[in-house]
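Let me begin by presenting the structure, written as structure tokens, before commenting on it.
2 protein chains.
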Amino acid sequence: MDVWHLLIGRPLKAREAESEEIGTSEGLAALSLDALTSVAYGPEAIALVLVGVGAAGIRYLVPESLAIMGLLAILVLSYSQVIDAYPQGGGAYAVSRDNLGINASHLAAAALIVDYILTVAISIAAGIGALTSAWPALLPWTVPLCLVLLAIVTWLNLRGVGESARAFLLPTVVFIVGLLAILAWGFIHPHLAHPRSPLPAAPRVSLFFLMKAFAAGCTALTGVEAIANGVPLFRKPRQLRAKRTEWLLGILLGTMLIGIAALTIRFHLVPGGPASLLSRVMTASVGRNWAFFVVSLAIASVLGLAANTSFGGLPVLASLLARDRYLPQAFAIRGDRLVFERGVWVLAVGAAVLLVAVRGNTQALIPMFAIGVFTGFTLSQLGMVIHWRKSKPRGWRLRAGLNSVGAAATGVATILFIATKFVEGAWVVVAAIPLLIWLFRRIHQYYERVGRVLGVDHLPDPVAPLPKPLVVVPVTATLTEMTRRALSHAASLSDQVIAVTVIFEEPADSMSVRDREEQLQKTWATWNPPARLVVLRSQYHSVVRPLLRFINTLDRQATDRVLVLIPEVVPDGLPATLLHNRLGSVITRALRRRTDVVIGTVPMHFPPGDRT
Amino acid sequence: MDVWHLLIGRPLKAREAESEEIGTSEGLAALSLDALTSVAYGPEAIALVLVGVGAAGIRYLVPESLAIMGLLAILVLSYSQVIDAYPQGGGAYAVSRDNLGINASHLAAAALIVDYILTVAISIAAGIGALTSAWPALLPWTVPLCLVLLAIVTWLNLRGVGESARAFLLPTVVFIVGLLAILAWGFIHPHLAHPRSPLPAAPRVSLFFLMKAFAAGCTALTGVEAIANGVPLFRKPRQLRAKRTEWLLGILLGTMLIGIAALTIRFHLVPGGPASLLSRVMTASVGRNWAFFVVSLAIASVLGLAANTSFGGLPVLASLLARDRYLPQAFAIRGDRLVFERGVWVLAVGAAVLLVAVRGNTQALIPMFAIGVFTGFTLSQLGMVIHWRKSKPRGWRLRAGLNSVGAAATGVATILFIATKFVEGAWVVVAAIPLLIWLFRRIHQYYERVGRVLGVDHLPDPVAPLPKPLVVVPVTATLTEMTRRALSHAASLSDQVIAVTVIFEEPADSMSVRDREEQLQKTWATWNPPARLVVLRSQYHSVVRPLLRFINTLDRQATDRVLVLIPEVVPDGLPATLLHNRLGSVITRALRRRTDVVIGTVPMHFPPGDRT
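Those sequence lines, one after another, are chains X and V. Numbering of the first sequence is given in this note's numbering, commencing with residue 1 and proceeding in unit increments. Numbering of the second sequence is given in this note's numbering, commencing with residue 1 and proceeding in unit increments.
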């Protein structure tokens, strides 16, 4: 068992991949954390925009939060319908491929990929943010802590974490119950430490300003689509349980959002500084006691788990794209642990780059976030409208109407988002999405070309008999057992065998090249193997170049096919690797890269005696 | 032309390596810089020991320097005799191998290797030290500057710098003439700025203390052997010119050493602090004027060039050891520029590690230095004594006597050095040398074992005819042009061809494994190639494991030899590399590592159409 398998665990049998089925509460833990945990950065994102016009701007936080809740209600309703229509899981890619065509599905796929990477980065950053808010001494270690948490999540996902939904339950429950209790306490408890002087009147602001804050708050809604994607994971009756989970998510998320907003106003809190707004709300409610620290830890954990749900998403999406030949085939290969490892790595590296680029600052990532998500929302809803128009079940007009409202609302939000956040970072996403779409197409074109050459869509031509090859065996000037073995094999493959060796002038050599050549031929004649020896002279100190030239010439001139049979040293272990030159491997590599001839290698393992 | 060749230059023809012949002054530039430049750290090393008992300890600097000069005279005399006896170049390795046997030659070789690496590190550190003494603003950049200078010297040596002896002349002349002039000026010019109050009386010190200082000063003598090693480089009459150069070196070095010591006393200078002692002596003599800066620059350059001479030494020594099978064969291979590249790299990396470890501080390296050199000195002299006793030319008794005195003096110095500097760093060398010797032996044992298996010392057995092989062709489930080509080649090599493919259960697969197998066999029968198809089922998600097991079983059971012919994708360029899985290469690598069967690859280049 090598180090790699020690780290990721023994290989799994294919049938071990059967996923367990989950109920409502496990569904909340496995599929809703991305959405629920956005309370850790969503309200703060709104508040940070609002205080741009002075501290009194915070006055608008409650109305803004109510508007976000309205959009949340529309989304929950819409996705309940997606659950009805796509019991096999209705991701934006699937829904738009089915209803809107290939181009829309590419747009959805690109948006989702960008979104998955951003979700991981933001969740990790916010998780570490929750830690550093509770323990400010950790603040200078933000970036390393982010990378460590990312490494842990990546490692868990390379092992495959199919069976972990239940393990998620405890921190999820502590987070939900604990945070709701702390928020409630904040309203009930008559805190004396906090001033009750009235806030200054709300300043007059532009509609654009309010929209900008609204757009920032939309980040709180990311992740509400995850349950609709994961319907097949639920126990039967699947759709009912999934819808119940979706509604529960909506209620919990809405309550938390409005609670945080109201307490921010009640305690006259202002965002900014090292501690997060959520952390300050909690501190103001209960103080920095054990409850605060327990819930802070739970928040950090569930944010880490929220990153985990993206790891469930991107690799699967990438494998679907790879099967449709829009991404490299490698994304469709399951590793030993049945995980699409390549996708996991792309996600981990992408998130790591983002985290380092913004130095672990959640709010710096917010402007990039939500464009991808809301593009997916809009496409899903639009797809659903088409779906209802095509299938026309009973009451389809109402259903189509609902999804139209959802599409319009999320579409407007997407445009708002791009418009208000463009210079602050949204441009990165606006640039990345078309680039990804272009990439999908180029990759597809390449594979189509390869497919035509390989003839994948029809049986190949019949196998035609080829003439016996002319076998060329590169040998060393010193004749050894390796030479003998290679020539024995060569003689069994063809009656035409040429041994070839390269000699060159050593700068301070006693014997002339001609003399050495004569001597070699004499020894060869004495040994008398069933092959003639060709000696190539080289003016340069290189074996590969003259050999390549010789074989290319043969290959072009000869009516026979050329097969090169190379005696190769296979070192077992590091000492042998260092002690052998492995000229055979060098020649093999060069020939493979530079010619089309068939190359055979006669391996000999070193150190000798380890195998028969 | 790739980047590498752009950097190191076009490949050289073997006959371009002919070395030019040099005269006395070029000899001084090419072979004596290591010795001459030790004035930059030798006197300072003595002085640093002396002031250990207080500033007045410096009083002993002149007597100590005279003692060093005495040893220098003995060495110059001894090496003149080596020049007489070894016109083909008498390195410590060669002399001790000829006269003292294999063990002594290993000791010499190990000592020399350690010494070469230390010489490079010290010369570079001292060169940068000369720079930072003249321009103190550079002081914080010491380590990066050291590494940059090392990189330049390494690069020059990878290009091969055979023709550069003449290029060394200018800085060498500026250094010698300039430094001598500055020293002379220091004595002549009646400086008013310097106090002439008498130094305090010399304190009483132990003999061990004086010996310690003497041992430290011996570093000034490193490099006086280089001329004797390089006799073949000289124009005829070789030995005469070489001896003349050796004497000239002795006189120049002695003069500089005593001059620096005397001026240190005259100007009441004390070593320590950022500026080197030599730099202070120069400042005290002429002030910080243009002459000071020009000579400082010249010193920095010749120290860089002194590092360069080691690059001439270690790679050649390593190639000799590699030819005698005491180091990996790779050290005996000349690169495109006819340089023993491996040796250059080892030297560069070793010196870089040392430079970083001591942060570019010359004096931290001094305790390690000179042990290797003096071990070599002692062995050379001992070897010469044996040499004279064996050959007995006229006057051999006097010659043997001279070398005996040399051997005794350098032997005592070596022991002194180890005793006085052991804890300060000499232990590193005392540990490294036996380790290297042990390594030489282990490597030799390995090669002897390999030699026996390969039968390098006799003609191999006659080439016996082998039976036709059983050819196994791993194929994909989708039959393509690659499959067809591989089977065509296979059919030309043998009438027994087996195609083999692996299928495994996909976690959410619609078709059962049995159905897929049946379908595959049906398609195969329709296509009807001259090979039967074996379908391997795998419970795990791995193609390589079942294939390996199958081939190993075949190889053990079959009376026929097994040859595996693998269709391989050869990607041309990065896009193709990313877009193909290269399963063929993975299988090839696994088979080569884990079996002894002959492996053939049928290459197909991608993107298609780039070659015929």
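Ideal Cβ placement from N, Cα and C applies to all residues, glycine included.
Checklist entry - So residue 77 of chain V and residue 382 of chain V are in contact, right, with Cβ under 8 angstroms, and what is the actual spacing, rounded? => result On the second sequence, residue 77 of chain V is found 77 positions in, with the first residue counted as 1. On the second sequence, residue 382 of chain V is found 382 positions in, with the first residue counted as 1. With a Cβ gap of about 16 angstroms, residue 77 of chain V and residue 382 of chain V do not count as contacting.
Checklist entry - Short check: CB of residue 265 of chain X to CB of residue 68 of chain X, under 9 angstroms? => result Sequence index remark: in the first sequence, residue 265 of chain X carries index 265 (1-based). Sequence index remark: in the first sequence, residue 68 of chain X carries index 68 (1-based). No, these two residues do not count as a Cβ contact at 9 angstroms.
Next on the checklist: Our contact map puts residue 104 of chain V next to residue 96 of chain V with C-beta atoms below 8 angstroms; I'd like the distance itself, whole angstroms only.
Outcome noted: Taking the first residue of the second sequence as 1, we reach residue 104 of chain V at position 104. Taking the first residue of the second sequence as 1, we reach residue 96 of chain V at position 96. Yes, they are in contact, since the Cβ atoms of residue 104 of chain V and residue 96 of chain V sit about 4 angstroms apart, within 8 angstroms.
Checklist entry - Are the beta-carbon atoms of residue 469 of chain X and residue 449 of chain V separated by less than 9 angstroms? => result Walking along the first sequence from the start, residue 469 of chain X turns up at place 469. Walking along the second sequence from the start, residue 449 of chain V turns up at place 449. No, the pair does not count as a contact, with Cβ atoms beyond the cut-off.
Item to check | Endpoints, beta strand (DSSP E) assigned at residue 425 of chain X | outcome: Stepping through the first sequence from its first residue, residue 425 of chain X is reached at position 425. It is not in any beta strand (DSSP E) - residue 425 of chain X carries neither H nor E in the DSSP assignment.
Item to check | Which of helix, strand or coil DSSP assigns to residue 208 of chain X | outcome: Here residue 208 of chain X is taken as the residue at index 208 of the first sequence, counted from 1. In this structure, residue 208 of chain X counts as helix in the three-state DSSP scheme.
Checklist entry - So is residue 22 of chain V in contact with chain X if we call contact Cβ pairs under 9 angstroms? => result Taking the first residue of the second sequence as position 1, residue 22 of chain V is located at position 22. No, no contact with chain X.
Item to check | Assigned exposure category for residue 613 of chain V - 16 Cβ within 10 Å defines buried | outcome: Coverage of chain V is limited to positions 1 through 612, which leaves residue 613 of chain V absent and any answer about it impossible.
Item to check | Own chain, CB closer than 6 angstroms to residue 229 of chain V, minus 5 neighbours either side, in chain order | outcome: One-based indexing of the second sequence puts residue 229 of chain V at position 229. Closer than 6 angstroms at Cβ, skipping near neighbours: 89, 91.
Checklist entry - Assuming residue 246 of chain X and residue 376 of chain X make a contact with CB atoms under 8 angstroms, what is their CB distance in whole Å? => result Counting from 1 along the first sequence, the entry for residue 246 of chain X is found at position 246. Counting from 1 along the first sequence, the entry for residue 376 of chain X is found at position 376. At roughly 16 angstroms, the Cβ-Cβ gap does not stay under 8 angstroms, so residue 246 of chain X and residue 376 of chain X are not in contact.
Next on the checklist: With the cut-off set at 9 angstroms, would you say residue 483 of chain V and residue 583 of chain V are in Cβ contact?
Outcome noted: Counting from one through the second sequence, the residue named residue 483 of chain V turns up at place 483. Counting from one through the second sequence, the residue named residue 583 of chain V turns up at place 583. It is not a contact, given that the beta carbons lie outside the stated cut-off.
Checklist entry - Just reading off the beta strand (DSSP E) that residue 538 of chain X is part of, what are its end residues? => result Taking the first residue of the first sequence as position 1, residue 538 of chain X is located at position 538. Segment 532–538, the beta strand (DSSP E) holding residue 538 of chain X.
Checklist entry - Any beta-carbon of chain X closer than 9 angstroms to the one on residue 30 of chain V? => result The sequence position of residue 30 of chain V within the second sequence is 30, counting from 1. Taking Cβ atoms only, chain X never reaches closer than 9 angstroms to residue 30 of chain V, which makes this a no.
Item to check | Residues that residue 224 of chain X bridges to, as DSSP identifies them | outcome: Taking the first residue of the first sequence as 1, we reach residue 224 of chain X at position 224. Answer is none; residue 224 of chain X lacks a bridge partner.
Item to check | Local conformation of residue 592 of chain V per DSSP, three classes | outcome: By 1-based counting over the second sequence, the position of residue 592 of chain V is 592. Of the three classes helix, strand and coil, the one that applies to residue 592 of chain V here is helix, per DSSP.
Checklist entry - Touch check for the region 149–160 of chain V and the region 172–188 of chain V: three-plus C-beta pairs under 8 angstroms? => result no
Item to check | residue 546 of chain X and residue 538 of chain X closer than 9 angstroms at C-beta | outcome: For this step, residue 546 of chain X is matched to residue 546 along the first sequence. For this step, residue 538 of chain X is matched to residue 538 along the first sequence. Closer than 9 angstroms, so yes.
Next on the checklist: Between residue 581 of chain V and chain X, is any beta-carbon pair separated by less than 9 angstroms?
Outcome noted: For the purposes of this step, residue 581 of chain V is taken as residue 581 along the second sequence, with counting starting at 1. It does; some Cβ of chain X falls within 9 angstroms.
Next on the checklist: Can you find the residues in the same chain that come closer than 6 angstroms, C-beta to C-beta, to residue 543 of chain X, ignoring five residues on each side of it along the sequence?
Outcome noted: Taking the first sequence and counting its residues from 1, the one referred to as residue 543 of chain X is at position 543. So the list reads 502, once near-sequence residues are dropped.
Checklist entry - Would the beta-carbon of residue 471 of chain X fall within 9 angstroms of that of residue 445 of chain X? => result Here residue 471 of chain X refers to the residue found at position 471 when the first sequence is read from its first residue. Here residue 445 of chain X refers to the residue found at position 445 when the first sequence is read from its first residue. No, they are not a contact pair.
Next on the checklist: Within 10 Å of its beta-carbon, does residue 35 of chain X have 16 or more other beta-carbons around it, so buried, or fewer, so exposed?
Outcome noted: The count along the first sequence starts at 1 and reaches residue 35 of chain X at position 35. Classification for residue 35 of chain X: buried.
Checklist entry - Residue ranges of each alpha helix (DSSP H) run of no fewer than 4 residues wholly in the region 226–258 of chain X, ordered along the chain? => result 226–229
Next on the checklist: Strictly below 8 angstroms CB to CB, what residues from chain X border residue 460 of chain V?
Outcome noted: As a first step, residue 460 of chain V is located in the second sequence; it is residue number 460 there, counting from the start. Neighbours of residue 460 of chain V on chain X, chain order: 479, 480, 481, 483, 484, 527.
Next on the checklist: Let me check understanding here. Comparing Cα to Cα, which of V:216, V:570, V:598, V:319 lies closest to residue 552 of chain V?
Outcome noted: For the purposes of this step, residue 552 of chain V is taken as residue 552 along the second sequence, with counting starting at 1. The shortest Cα separation from residue 552 of chain V among V:216, V:570, V:598, V:319 belongs to V:598.
Item to check | Where residue 163 of chain V sits in the DSSP three-state scheme | outcome: The count along the second sequence starts at 1 and reaches residue 163 of chain V at position 163. With a pLDDT of only 48 at residue 163 of chain V, under 50, the local geometry of the prediction cannot be trusted, and no value is derived from it.
Checklist entry - Going by other Cβ atoms of all chains shown within 10 Å of its Cβ, with 16 needed for buried, is residue 163 of chain V buried or exposed? => result Position 163 of the second sequence, counting from 1, holds the residue named residue 163 of chain V. Note that residue 163 of chain V scores 48 on pLDDT, short of 50, meaning its location in the model is unreliable and no value can be drawn from it.
Item to check | residue 604 of chain V - partner residues in DSSP beta bridges | outcome: The residue labelled residue 604 of chain V in the question sits at position 604 within the second sequence. According to DSSP, residue 604 of chain V bridges with V:569.
Checklist entry - Can you give the Cα-Cα distance for residue 181 of chain V and residue 318 of chain V, rounded to whole angstroms? => result Indexing the second sequence from 1 puts residue 181 of chain V at position 181. Indexing the second sequence from 1 puts residue 318 of chain V at position 318. Approximately 40 angstroms between the Cα atoms of the pair.
Next on the checklist: If you measure between the beta carbons of residue 112 of chain X and residue 437 of chain X, is that distance less than 9 angstroms?
Outcome noted: Locating residue 112 of chain X in the first sequence gives position 112, counting from the first residue. Locating residue 437 of chain X in the first sequence gives position 437, counting from the first residue. In this structure, residue 437 of chain X does not lie closer than 9 angstroms to residue 112 of chain X by Cβ.
Next on the checklist: Does any residue of chain X have a CB that is nearer than 9 angstroms to the CB of residue 329 of chain V?
Outcome noted: Indexing the second sequence from 1 puts residue 329 of chain V at position 329. Chain X, which has a Cβ nearer than 9 angstroms to the Cβ of residue 329 of chain V, makes this yes.
Next on the checklist: So within the region 414–500 of chain X, which uninterrupted beta strand (DSSP E) runs reach at least 3 residues, ignoring any that extend past its ends?
Outcome noted: 470–474
Next on the checklist: Between V:211, V:46, V:141, V:56, which has its C-alpha nearest residue 200 of chain V's C-alpha?
Outcome noted: By one-based count along the second sequence, residue 200 of chain V stands at place 200. Of the candidates V:211, V:46, V:141, V:56, the one whose C-alpha sits nearest the C-alpha of residue 200 of chain V is V:56.
Checklist entry - residue 579 of chain X: which of V:521, V:259, V:323, V:396 sits nearest, CA to CA? => result Reading the first sequence from its first residue, position 579 is the one you call residue 579 of chain X. Ranking V:521, V:259, V:323, V:396 by Cα distance to residue 579 of chain X puts V:323 first.
Next on the checklist: Taking the alpha-carbon of residue 110 of chain V as reference, which of V:428, V:75, V:348 has the nearest alpha-carbon?
Outcome noted: For this step, residue 110 of chain V is matched to residue 110 along the second sequence. That would be V:428, whose Cα lies nearest to the Cα of residue 110 of chain V.
Item to check | Option in V:28, V:127, V:80, V:79 with minimal Cα separation from residue 363 of chain V | outcome: Indexing the second sequence from 1 puts residue 363 of chain V at position 363. For the residues V:28, V:127, V:80, V:79, the minimum Cα distance to residue 363 of chain V belongs to V:127.
Checklist entry - Which residue's Cα is closest to the Cα of residue 321 of chain X: X:563, X:454, X:342? => result Indexing the first sequence from 1 puts residue 321 of chain X at position 321. Ranking X:563, X:454, X:342 by Cα distance to residue 321 of chain X puts X:342 first.
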